[in-house]
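For the record, the sequence lines run as chains S and Y.
Residue numbering for the first sequence follows our numbering, starting at 172 and increasing by one per position.
Residue numbering for the second sequence follows our numbering, starting at 30 and increasing by one per position.
We put the beta carbon where it would ideally sit given N, CA and C, even for glycine.
Here the structure is a predicted model, which is why all the values come from computation and not from measurement.
Here is the structure we will look at.
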Amino acid sequence: MVSNRETWEAAFGAGPTRDVPFATMSGIPLDAVYGPDDGEFPGQFPYTRGPYASMYRSKLWTMRMFAGFGTADDTNLRFKEIIRAGGDGLSTAFDMPTLLGLDSDHPMSLGEVGRCGVAIDTVDDMADLYAGIDLGSITTSMTINSPAAVLLAMFVAQAERSGVHRSRLGGTLQNDILKEYQAQKEFVFPPRQSMRLVRDSIAFTAAEMPRWHSVSISGYHIREAGSTAVEELAFTLANGFAYVELAMQAGLPVDSFAPRLSFFFNAHIDFFEEIAKYRAARRIWARWMRDRYGAQLERSLQLRFHTQTAGVSLTAQQPEVNIVRTAIEALAGVLGGTQSLHTNSFDEALALPTEKAARIALRTQQVIAHETNVAHVADPLGGSWYVESLTDEVERQAEALFAEIEAMGGGSMLEGAIRGIEENWFQGRIADSAFELERGLNSGARIVVGVNACTEGNGEAAPPLLRITHDDERRQRERLAGVRAARDGAAVEAALARVSEIAADPEANLMPTLIDAVGVRASLGEIMGAMGTVFGRHVEVPTI
Amino acid sequence: MSEQPKGRVLVAKVGLDGHDRGVKVVARLLRDAGFEVVYTGLFQTPETVAAAAVDEDVDIVGLSMLSGAHMTLVPLVVEALRARGVDIPVVVGGIVPDHDVDELRAAGVAAVLTPGATADEIVATLTTLL
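Laid out in structure tokens, this is it:
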């Protein structure tokens, strides 16, 4: 009988290891993992201890910094600065009009262009955004949801225009529309029509873009909107199950797309609960994928995730203290085995980050990676009575929430996720949890340094902040006007008519038509409008 | 807290910003403090906010702003209210850098509440505006 340790040793030995001394500062040599011979090892089902046998011994997490502001040119410069500073992955933040599929010259875009992210109107902006960046060696992530299929089409079109075939493109599309209705609230079309676009992009990337992650199933925004850690975990995985059921209903074999699903979790300030959450997430996903959905490929069972430190944990008071919060949260992500990490900048409770603040945030990861030695040993908290017990409890509570969602859907997680949105169940629970947290802050039961305790120094002047000028908005509108004037108007009209026609056929896949439309420089707003005539719009009933 | 003075407050999200955690928490805080609260929902324009404020006959308009568009949109809300001939005070809550606060006040905003404002401060600020 081969022990779990022997199985793990074989898997570990088959991979490369980084060229650093794996020892403590005193010179004590360190094993790659610790535990009993017949316990669970990293890379072994249900992957509580990590998806891979070697974890950070072979490769550190990707330091993927989220950035975007102003025009594509502005953000392109910030991207290059991140790469020069040692970041090895890019993550693109889009502005509010882009997130909602509006052009920069739409009346509702007034004042919002380039503010919370970069403005993208046409494929020409997409080309500027990644100009001079080798997309073969740097993977890129795009935080976009309602119009995700259109942005994916632009990404493919600009890459192929520059000679890189779609099959070679590596990266991640957030494309997680369910959490938009639940938490982030940047929705456009009604849920069921939006899910058709998700289905189309999953099917398209499964067939044509083998290196692309089609959906990044995101708990981050659910947590930022106020949920507890357990709700973040349960709602996120439930959404994941919904996408799996969606693609399977469309006839895709589970192992054809599941390996390209990835996750995105928050790292909040409750250190051990966060670590337990990541460990439970891997275990739940593996069990459900194997037992309920019949997945057989190991990569379909292995939950891989990106982590971002908690924006909501940052304070406007004594903002420098946020560097400490972010470091602790980042450490939780690393001890929880994250595959990539974004660290927030200390000034983000005040404005978008300055270049210096963003650099300190990246340096925080680099200190954890290179100075602390925490990456030497996989799942270092595995076997802790406390962390194991917390992992079990988080899993148990998540399963109880899955049962509620499944009951709402009459046995279907897909239907449960959609009905839970339509009936305001997710939104109500998140708002309740947010209010409970706020009550704790107001009663003093929950201490936040600089906010309701330790307030000496709060009056000091704010650090220098990034200022986005109205000039960016003007420049972007002029650029869009230039594109509109120079393109073939008849070709655009024909392409948009075709988008509406294909949108009206629920069995058709929209992706090829979208790629054609962006190729003749139809704008994001025009394409969303063409789909909107068929799909309609989602309106949320306002509830307090 | 039934001895708190009661007033009607419209809380609104204007523009494209979907972050509604703050507006909902503040709405509940105000309700618990004895205010009547009306919430517009997301994606309002200055015009729809002003129209709702008049229709609902509110005493105060509260705008929740987190996207950085406050310098553009907030003065338009104030103007839209004035254009309807009403002088309802406008309070802004959210992420507003210090250097914008004076300019907002000059544009006619009655108060700006920034991150970390406590429930007591929020209630006290609105109470003085009744």
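Using a CB distance cut-off of 8 Å, residue 355 of chain S counts as an interface residue toward chain Y. Residue pairing by DSSP places residue 200 of chain S opposite S:194 in a beta bridge. Considering only beta carbons, the part of the segment 602-629 of chain S lying closer than 9 Å to chain Y consists of 602, 605, 606, 608, 609, 610, 612, 613, 619, 621, 622, 623, 629, in chain order.
Collapsing the DSSP output to three states places residue 311 of chain S in a strand. Taking 4 residues as the shortest admissible run, the segment 478-540 of chain S contains the following complete alpha helix (DSSP H) segments, listed from N- to C-terminal end: 493-506.
Taking the beta carbon of residue 488 of chain S as reference, the chain Y residues within 7 Å of it are 145, listed in sequence order.
Distances from the alpha-carbon of residue 104 of chain Y to those of Y:156, Y:78, Y:57 put Y:78 closest.
With respect to chain Y, the C-beta atom of residue 279 of chain S has a partner C-beta closer than 8 Å.
The Cβ of residue 306 of chain S sits no closer than 8 Å to any Cβ of chain Y.
The Cβ atoms of residue 517 of chain S and residue 493 of chain S lie closer than 8 Å to each other. Within the DSSP secondary-structure output, residue 558 of chain S pairs in no beta bridge. Distance from the CA atom of residue 125 of chain Y to the CA atom of residue 390 of chain S, rounded to whole angstroms, is 27 Å. Nearest to residue 688 of chain S by C-alpha distance, out of S:400, S:320, S:413, S:490, is S:320. Residue 158 of chain Y: not part of any alpha helix (DSSP H); DSSP gives it neither H nor E. At a cut-off of 8 Å between beta-carbon atoms, residue 126 of chain Y makes contact with chain S. Contact residues of the segment 35-52 of chain Y toward chain S are 44, 45, 46, 47, 49, 50 (C-beta to C-beta distance below 7 Å). In this structure, residue 439 of chain S keeps its C-beta atom at 8 Å or more from the C-beta atom of residue 479 of chain S.
With respect to chain S, the C-beta atom of residue 57 of chain Y has a partner C-beta closer than 8 Å.
When only Cα atoms are considered, residue 260 of chain S and residue 154 of chain Y end up about 45 Å apart. Just measuring C-alpha positions, the residue of S:647, S:675, S:399 sitting nearest residue 274 of chain S is S:647. Contact between residue 297 of chain S and residue 533 of chain S is absent: CB atoms are separated by about 25 Å, not below the 8 Å threshold. By the neighbour-count criterion, in which 16 or more other beta carbons inside 10 Å mark a residue as buried, residue 456 of chain S falls on the buried side. Taking the Cβ atoms as the reference, residue 591 of chain S lies roughly 6 Å from residue 576 of chain S, within the contact range of under 8 Å. For residue 66 of chain Y, the C-beta contacts it makes with chain S under 8 Å involve 715, in order along the chain. Between the beta-carbon of residue 57 of chain Y and that of residue 373 of chain S there is about 38 Å, and that puts the pair past the 8 Å contact cut. Here residue 620 of chain S carries a strand assignment [DSSP, helix/strand/coil]. Inclusion of residue 289 of chain S and residue 243 of chain S in the CB contact set at 8 Å is warranted, their separation being smaller than that value.
Residue 695 of chain S has a beta carbon lying at 8 Å or more from every beta carbon in chain Y. Excluding its 5 nearest sequence neighbours in each direction, residue 376 of chain S has C-beta neighbours in its own chain below 6 Å: 383, 385, listed in chain order. A Cβ-Cβ distance of about 33 Å is found for the pair residue 682 of chain S and residue 508 of chain S, leaving them out of contact under the 8 Å criterion. At a Cβ-Cβ threshold of 8 Å, residue 393 of chain S and residue 366 of chain S do not count as neighbours. Residue 481 of chain S sits away from residue 442 of chain S, with the two beta carbons spaced by 8 Å or more. Legend: CB atoms of the segment 96-117 of chain Y lying less than 9 Å from CB atoms of chain S belong to residues 96, 97, 98, 99, 100, 101, 102, 105.
Counting only runs of 4 or more residues that sit fully inside the segment 577-634 of chain S, the alpha helix (DSSP H) segments are 584-593, 596-614, in chain order. If only complete runs of 3 or more residues are kept, the segment 216-292 of chain S shows the beta strand (DSSP E) at 233-238, 260-264, in order along the chain.
In the three-state reduction of the DSSP assignment, residue 63 of chain Y falls in the coil class.
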